[in-house]
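Q: Numbering of the sequence shown is given in my numbering, commencing with residue 378 and proceeding in unit increments.
Cβ atoms here follow ideal geometry from the backbone N, Cα and C, with glycine treated the same way.
Attaching a single structure in structure tokens format; questions to follow.
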Amino acid sequence: MSTSAVTGQNNLYEPRVARRRVKNAVFRTLVMVFGVLAVAPFFVVIFHVVRRGMGAIDWTFLTHMPKPVGEPDGGILNAIVGTLITIGLATLFSMPFGVFIGIYLSENRRSRLGHTTRLAANVLQSVPSIIIGIVMYNWLVRPFRSYSALAGGVALAVMMLPIIVKNTEEVLNLVPEGLREGALALGVPYHTTILRMIVPSSLAGIMSGVLLGIARIAGETAPLLFTTFGNPFFNVNVLKPMDAIPLVIYNYAKSPYQEWIQMAWGASFVLIAIIFVLNLLVRLKRPLR
């Protein structure tokens, strides 16, 4: 091919190459812009909460009980303890059921009951939290004529359950088939294979799902308004009303007193810190690949 022909072809392709480079640059710019827009609300919220809430955080705030309006050195100790108890109850109720349901779905992927259960878990995860709170109010509060931390724990467990189920199923599906087949070929009973080999090999992933579920329910307010209700006094009886950090934020933020509003910002900072630590633990248990 002559030099003039090669030069002619290059001149023909140069406009196309230039257009492709322009399109690539525009597309990359759009991706970066939308990425920044997706992250910006997170940093705005975090910055605002940290700026307003850091001033209220001290040792007294974390270790003292609430005080009446006008009295200094009020704290949210009862709300912190109530949140830990309520989340502990929710985890206690939801983790065994969620893990075993996830095992069933992983072992029976194509069964009719498996498809129905998977659909039910997906729908349950989409149900608004306030509806779950109303249902638990009618099931656990009205019949016993008392608000209680137990009712709040059940409500949060219902919200936490589908997260654990879906995560457990996905993690167990990643276990190599050869591990199960090898154990069964050696004569190991089916239940022993699942409980002694399959589940332990996926334990880190299952626990990350539990932590993710805890992070999901830690800031829920609507179910607790209908179940635990709140309590300005220190209480560890799960059959009685109990305070929680989301309830403190809700009640104090709408008050006309500046001291309580500042405490609401401080409680918001504590709740954000708890959720951040839980998500960080999930990332540590699930390293980036």
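Let me make sure I understand the geometry here. Which of M431, S632, G590 and T440 has the alpha-carbon closest to that of M537?
A: Counting from one through the sequence shown, the residue named residue 537 turns up at place 160. Comparing Cα-Cα distances from M537 to each of M431, S632, G590 and T440, the minimum goes to G590.
Q: Using the rule of at least 16 other Cβ atoms within 10 Å of the residue's Cβ for burial, across every protein chain shown, is L601 buried or exposed?
A: In the sequence shown, counting from the first residue as 1, residue 601 sits at position 224. Buried, because 16 or more other Cβ atoms sit within 10 Å of the Cβ of L601.
Q: Among the residues of its own chain, which have a CB less than 7 Å from the CB of V383, if the five just before and after it don't count?
A: For the purposes of this step, residue 383 is taken as the residue at position 6 of the sequence shown. Note that V383 scores 48 on pLDDT, short of 50, meaning its location in the model is unreliable; the coordinates nonetheless yield the value given after this. Nothing meets the Cβ criterion.
Q: Counting beta carbon pairs with one atom in the stretch 501-508 and one in the stretch 537-546, are three or more of them shorter than 8 Å?
A: yes
Q: Using a 10 Å radius around the Cβ and a threshold of 16 neighbouring Cβ atoms, would you call I509 buried or exposed?
A: Counting from 1 along the sequence shown, the entry for residue 509 is found at position 132. Classification of I509: buried, given that the 10 Å Cβ count is 16 or more.
Q: Among all the DSSP beta bridges, which residues are the ones paired with M619?
A: Here residue 619 corresponds to residue number 242 of the sequence shown, with the count starting at 1. Per DSSP, F606.
Q: For M574 versus L563, is the C-beta distance shorter than 8 Å?
A: By 1-based counting over the sequence shown, the position of residue 574 is 197. By 1-based counting over the sequence shown, the position of residue 563 is 186. Remark: C-beta atoms of M574 and L563 do not approach each other more closely than 8 Å.
Q: Nearest to R519 by CA position, among R428, P443, L454 and T605, is which residue?
A: Taking the sequence shown and counting its residues from 1, one reaches residue 519 at position 142. Residue T605 is the option with its Cα nearest to R519.
Q: Sorted by chain position, which residues of the same chain lie with C-beta nearer than 7 Å to I652's C-beta, five sequence neighbours on each side aside?
A: Position 275 of the sequence shown, counted from the first residue, corresponds to residue 652. Taking I652 as the centre and dropping the five residues before and after it, the same chain places the C-beta of A592, A595 and G596 closer than 7 Å to its C-beta, in chain order.
Q: Could you say which of A415, G452, S585 and L461 lies nearest to A526 if we only look at CA atoms?
A: Within the sequence shown, residue 526 is the residue found at index 149, counting from 1. Selected option, being the one with the closest Cα: L461.
Q: For Y627, which residues in the same chain have their Cβ closer than 6 Å to its Cβ, ignoring the five residues on either side in sequence?
A: To locate residue 627, count along the sequence shown from 1; it is residue 250. Same-chain partners within the cutoff: T598.
Q: Below 8 Å, can you find three or more Cβ-Cβ pairs linking the stretch 434-445 to the stretch 416-424?
A: no
Q: Unbroken alpha helix (DSSP H) runs of length 4 or more, entirely within the stretch 560-587: which are they?
A: 567-570
Q: For Y627, which three-state DSSP category applies?
A: Here residue 627 corresponds to residue number 250 of the sequence shown, with the count starting at 1. Here Y627 sits in helix by DSSP.
Q: Pairing CB atoms from the stretch 484-495 with CB atoms from the stretch 635-647, are three or more of them under 8 Å?
A: no
Q: Could you tell me the distance, in whole angstroms, from the CA atom of P664 to the CA atom of S585?
A: Position 287 of the sequence shown, counting from 1, holds the residue named residue 664. Position 208 of the sequence shown, counting from 1, holds the residue named residue 585. With a pLDDT of only 43 at P664, under the threshold of 50, the placement of this residue in the model should not be trusted; the figure read from the coordinates follows. Cα-Cα distance, rounded: 11 Å.
Q: Could you please give the first and the last residue of the uninterrupted alpha helix (DSSP H) stretch that includes V476?
A: Residue mapping note: residue 476 aligns to position 99 of the sequence shown, counting from 1. Note, V476: alpha helix (DSSP H), L454 to E484.
Q: Between the C-alpha atoms of V427 and G465, what's the straight-line distance to the nearest angstrom?
A: Here residue 427 refers to the residue found at position 50 when the sequence shown is read from its first residue. Here residue 465 refers to the residue found at position 88 when the sequence shown is read from its first residue. Near 27 Å, if we compare the C-alpha coordinates of G465 and V427.
Q: Rounded C-beta distance between E546 and L482? I'm assuming under 8 Å.
A: Along the sequence shown, one-based indexing puts residue 546 at 169. Along the sequence shown, one-based indexing puts residue 482 at 105. Sure, about 4 Å apart at Cβ, within 8 Å.
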